[in-house]
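Chains as they are written, first to last, in our numbering: chain D, 237 to 562; chain H, 237 to 562.
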């Protein structure tokens, strides 16, 4: 494997480069920062953390579906929107409570398919769509879903809290297949029954309650390395990843696999004393989890294998989101 | 005034007719109704009510901005999205906590303007945008905002709880002007300073805590009569409205005024013994509030003035949203 080429293809992967605009947007809201009193965590994490005054905090996130996927299959877009939103709450160690959606459709057929995809997501994950808004007469299709969840305040799994010395854990549901609409999707949910799925997304609640992780994210559009990069950037740390340790399915090119957005996949960090237990909780829930690397001092994310070592991201030169940079 | 013509123009007003699709959408989610365990109120109200196990409940709503407004002015769309979302929580008697947004923009300029409009809303209302998602490279502009709020479980102001015999109260901030992008918008906020605005949207929290209202909604796209119609439909009641009692600004055609979506405007119902106090709480906060009618048995919303009486909606024949019909 040519590591230099692999690193470059990850850096230039659309799932990664699309995150760069976050910095500009956050800067607009910096001007109104005094109004952020009850928000413990906001931009830059999978979900915002809202203090409601008690032991519990509310998690709040939103995700949209890329236009290309939406036009290819409104049903998948609706269903996929549920999956990514559930993952945003799961990644924080939270219990998802409810979703709302805003949809635009350019035909009654697209609108119905979108909604049926959403409804299938509700059935699978047991989290209701409780309201929203539909524009049934637009020129385009679009779908936005927001979700809330709940978690004990002292159990939240954030992405800006990794420490040098922590071990990096990748956990995937390997019982999946490349999805029908993108070479970078790994569908692990649409063909499984609700009880199985609900167990696999509950696993992060157990990890949160047992305080086994120091930080974590769900693996999303930037893929494993890109997602870990975002975690490092907001935590202001570096990392090294041993590529030979990364769980991988047979029959999928490894470069492609590293860019996959899985239906169920997490990159977590853990204190070395707790990392094995964290791995075993993931495994008991049916995921394949491995210690794949280590959080380091500094601002570089390196990956290596038997053939050598390469720096994928150097946050002193360029960020992914820009959040966490000076 | 030709009452028949006025009634017909309200029935056929786009702000009203666009609500009709809600029924189809809700029917898709009926199939997964068993998953709605912790949702006390869902579709059909301004916000969903989510039980989190304590005295407080979480309110959760989402609103999108019509494409026409968005293309006319991304800034107004961003700002207006905050206003309508704040109103969704205020209408339920809740305290808004935080918002998330999903935006699509067809140019960096449109994207920046959208975000600046949102940020101005944050500054005005003191409710932060804590996260979201931006598609900066779409063919179109779109904006979705979701909001959460909090309220004591026994204080929620719902829209499906009006009773025959209740009085109908309309409350408006009359210090406004027809907005720049639609003859049916009544801007009451963009030119006022934060302390003034925050007092006017806090008024519904006082009404909720004092239990002065039996039901309520914020007046939105369907205008005063259309919004009252939605309240009647979900409450399975009728109503009569005395048009001469409706607060109205000088210099705005009355037919137009009845279709206006005000920045700050509510239609509430109250027990006759509490209606005067409810009016006076609205007035103390700077709104102009009047008892304009009465909730009736049956399924008809009638309006009248000195010249006669007309039925605007007969829910036994046709609904607005279809929610609440047999």
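By construction, the Cβ of each residue, glycine as well, lies at the ideal position given by its N, Cα and C atoms. No experiment lies behind these values; they were computed from the predicted model shown.
Would you mind telling me which residues of chain H sit closer than 9 angstroms to residue i, beta carbon to beta carbon, in chain order?
{"i": "residue 375 of chain D", "result": "303, 375, 376"}
{"i": "residue 466 of chain D", "result": "Going along chain H, no residue has its Cβ under 9 angstroms from residue 466 of chain D, so there is no contact; the nearest lies around 14 angstroms."}
{"i": "residue 554 of chain D", "result": "Within 9 angstroms Cβ-Cβ: nothing; residue 554 of chain D doesn't reach chain H, min ~18 angstroms."}
{"i": "residue 278 of chain D", "result": "334, 364, 365, 366, 367"}
Start and end of the alpha helix (DSSP H) containing residue i?
{"i": "residue 519 of chain D", "result": "508 to 520"}
{"i": "residue 453 of chain H", "result": "Premise fails: residue 453 of chain H lies in the beta strand (DSSP E), 451 to 454, not in any alpha helix (DSSP H)."}
{"i": "residue 461 of chain D", "result": "459 to 471"}
{"i": "residue 314 of chain H", "result": "310 to 327"}
{"i": "residue 251 of chain H", "result": "250 to 253"}
{"i": "residue 247 of chain H", "result": "239 to 247"}
{"i": "residue 490 of chain H", "result": "490 to 493"}
Tell me residue i's beta-bridge partners as DSSP assigns them.
{"i": "residue 529 of chain D", "result": "D/404, D/477"}
{"i": "residue 550 of chain D", "result": "D/536"}
{"i": "residue 373 of chain D", "result": "Partner(s): none; residue 373 of chain D has no beta bridge."}
{"i": "residue 545 of chain D", "result": "D/540"}
{"i": "residue 363 of chain D", "result": "None; residue 363 of chain D has no bridge partner."}
{"i": "residue 503 of chain D", "result": "D/406, D/453"}
{"i": "residue 557 of chain D", "result": "Per DSSP, none; premise fails for residue 557 of chain D."}
{"i": "residue 423 of chain D", "result": "D/413"}
{"i": "residue 498 of chain H", "result": "H/422"}
Mind pulling the chain H residues with CB within less than 8 angstroms of residue i?
{"i": "residue 395 of chain D", "result": "Going along chain H, no residue has its Cβ under 8 angstroms from residue 395 of chain D, so there is no contact; the nearest lies around 12 angstroms."}
{"i": "residue 286 of chain D", "result": "333, 334, 366, 384"}
Following the continuous beta strand (DSSP E) through residue i, name the residue where it begins and the one where it ends.
{"i": "residue 272 of chain H", "result": "Run containing residue 272 of chain H: none; DSSP gives neither H nor E here."}
{"i": "residue 447 of chain H", "result": "Unbroken run through residue 447 of chain H: none, as it is neither H nor E."}
{"i": "residue 332 of chain H", "result": "331 to 340"}
{"i": "residue 378 of chain D", "result": "378 to 388"}
{"i": "residue 287 of chain H", "result": "284 to 287"}
{"i": "residue 294 of chain D", "result": "292 to 300"}
{"i": "residue 564 of chain H", "result": "Because residue 564 of chain H is not part of the residues shown, which for chain H are 237 to 562, the question remains open."}
Closer than 7 angstroms by beta-carbon distance: list the chain H residues that pair up with residue i, in chain order.
{"i": "residue 294 of chain D", "result": "294, 384"}
{"i": "residue 249 of chain D", "result": "Simply none; closest approach about 15 angstroms."}
{"i": "residue 362 of chain D", "result": "271"}
{"i": "residue 351 of chain D", "result": "261, 264"}
{"i": "residue 299 of chain D", "result": "369"}
Determine the chain D residues that contact residue i at a beta-carbon separation under 9 angstroms, and present them in chain order.
{"i": "residue 192 of chain H", "result": "Here chain H has residues from 237 to 562 only, and residue 192 of chain H is not among them."}
Which residues of chain D have a Cβ atom closer than 8 angstroms to the Cβ of residue i, listed in chain order?
{"i": "residue 283 of chain H", "result": "367"}
{"i": "residue 358 of chain H", "result": "265, 268, 271"}
Going along chain D in order, which residues have a C-beta closer than 7 angstroms to the C-beta of residue i?
{"i": "residue 380 of chain H", "result": "338, 380"}
{"i": "residue 355 of chain H", "result": "264, 265, 267, 268"}
{"i": "residue 290 of chain H", "result": "290"}
Could one say the Cβ of residue i lies closer than 8 angstroms to chain B's Cβ atoms, at least one of them?
{"i": "residue 493 of chain D", "result": "You won't find chain B in this structure, because its protein chains are D and H."}
Are the region 342 to 349 of chain D and the region 306 to 314 of chain D touching by the rule of at least three beta carbon pairs closer than 8 angstroms? They touch, by the three-pair rule.
Return the residues of the region 310 to 335 of chain D that lie within a Cβ-Cβ distance of less than 8 angstroms from chain H, sorted by chain order. 333, 334
What residues in the region 262 to 275 of chain H have a beta carbon less than 7 angstroms from any beta carbon of chain D? 264, 265, 267, 268, 271, 272, 274, 275
For the structure I just gave you, are there three or more beta carbon pairs, one from the region 454 to 470 of chain H and one from the region 543 to 560 of chain H, closer than 8 angstroms? Yes, the region 454 to 470 of chain H touches the region 543 to 560 of chain H.
Between the region 500 to 531 of chain H and chain D, which residues of the former have a C-beta closer than 9 angstroms to a C-beta of the latter? Those would be none; no residue qualifies.
Measuring CB atoms only, is the region 354 to 364 of chain H touching the region 329 to 344 of chain H, in the sense that at least three cross pairs come out at less than 8 angstroms? Short answer: they touch.
Are the region 376 to 387 of chain D and the region 313 to 323 of chain D touching by the rule of at least three beta carbon pairs closer than 8 angstroms? yes
Along the region 461 to 486 of chain D, what residues have a CB closer than 8 angstroms to any CB found in chain H? The region 461 to 486 of chain D vs chain H, Cβ under 8 angstroms: nothing.
Mind checking the region 429 to 455 of chain H against chain D and listing, in chain order, the residues whose C-beta falls within less than 8 angstroms of any C-beta there? None of the residues of the region 429 to 455 of chain H has a beta carbon lying less than 8 angstroms from any beta carbon of chain D.
Would you be able to state if there are at least three C-beta pairs under 8 angstroms between the region 493 to 502 of chain H and the region 419 to 431 of chain H? yes
Taking contact to mean 3 or more Cβ pairs, one atom from each stretch, closer than 8 angstroms, check whether the region 455 to 464 of chain D and the region 514 to 523 of chain D are in contact. no
Evaluate contact between the region 438 to 450 of chain H and the region 389 to 408 of chain H, counting only Cβ atoms and requiring at least three cross-stretch pairs below 8 angstroms. yes
Pairing CB atoms from the region 239 to 247 of chain D with CB atoms from the region 425 to 443 of chain D, are three or more of them under 8 angstroms? no
Meets three-Cβ-pair contact criterion under 8 angstroms: the region 363 to 379 of chain H and the region 280 to 291 of chain D: yes
So, does the region 505 to 515 of chain D touch the region 524 to 533 of chain D, judging by three or more C-beta pairs under 8 angstroms? yes
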